[in-house]
Amino acid sequence: MRAGRLDRTITIERVTTTVDDFGTPVSGWATVATVRAQRIQSTTEEFMRAFGASSEAAVIFRIRHMDGLTLADRVKEGSATFDVKEIKELGRREGLELRCMATGG
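Each residue of the sequence shown is one higher than the one before, counting from 410 in my numbering.
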């Protein structure tokens with residue numbers, strides 16, 4: 410994977426639950442990693458072909474390989490937030506392709 414193509418910075422976040430001063434569980438997002446990525450724009454029609462029509466925006470990010478990512482994680486690029494829908498390994502632990510869908514918030 411060529412470093413020159415990794416022209417974006419993304420933040421990978423995971424949901425965490427903490428307890429506030431009153432003993433109430435509070436969910437929030439914690440940063441797992443901030444990494445360099447290549448953004449590949451994909452049309453909704455190409456990405457969602459097997460699932461029918463949808464108005465959601467699909468984006469693919471390519472990053473260097475890292476362990477521990479799950480489909481429960483999310484990706485932030487600037488102010489945009491994306492839910493991870495699929496994680497595909499590239500080569501032998503060379504990189505990962507994160508197929509994501511834009512979220513409302």
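Glycine included, C-beta positions come from ideal geometry on N, C-alpha and C.
Determine the contact status of residue i and residue j, defining contact as a CB-CB distance below 9 Å.
i: ALA442; j: ILE421; result: yes
i: THR490; j: ALA511; result: yes
i: ARG508; j: GLU495; result: yes
i: ARG445; j: HIS474; result: no
So is residue i buried or exposed if we call it buried at 16+ other beta carbons inside 10 Å?
i: ILE472; result: buried
i: VAL424; result: exposed
i: ILE419; result: buried
i: ALA467; result: buried
i: ALA439; result: exposed
i: VAL493; result: buried
I need the boundaries of the beta strand (DSSP E) containing residue i, first residue and last residue.
i: ARG471; result: 467 to 473
Three or more C-beta pairs below 8 Å linking the stretch 480 to 490 and the stretch 427 to 437: By the criterion of at least three beta-carbon pairs nearer than 8 Å, the stretch 480 to 490 is not in contact with the stretch 427 to 437.
Unbroken stretches of the beta strand (DSSP E), 3 residues or longer, contained in the stretch 413 to 452: The stretch 413 to 452 contains these whole beta strand (DSSP E) runs: 417 to 428 and 434 to 451.
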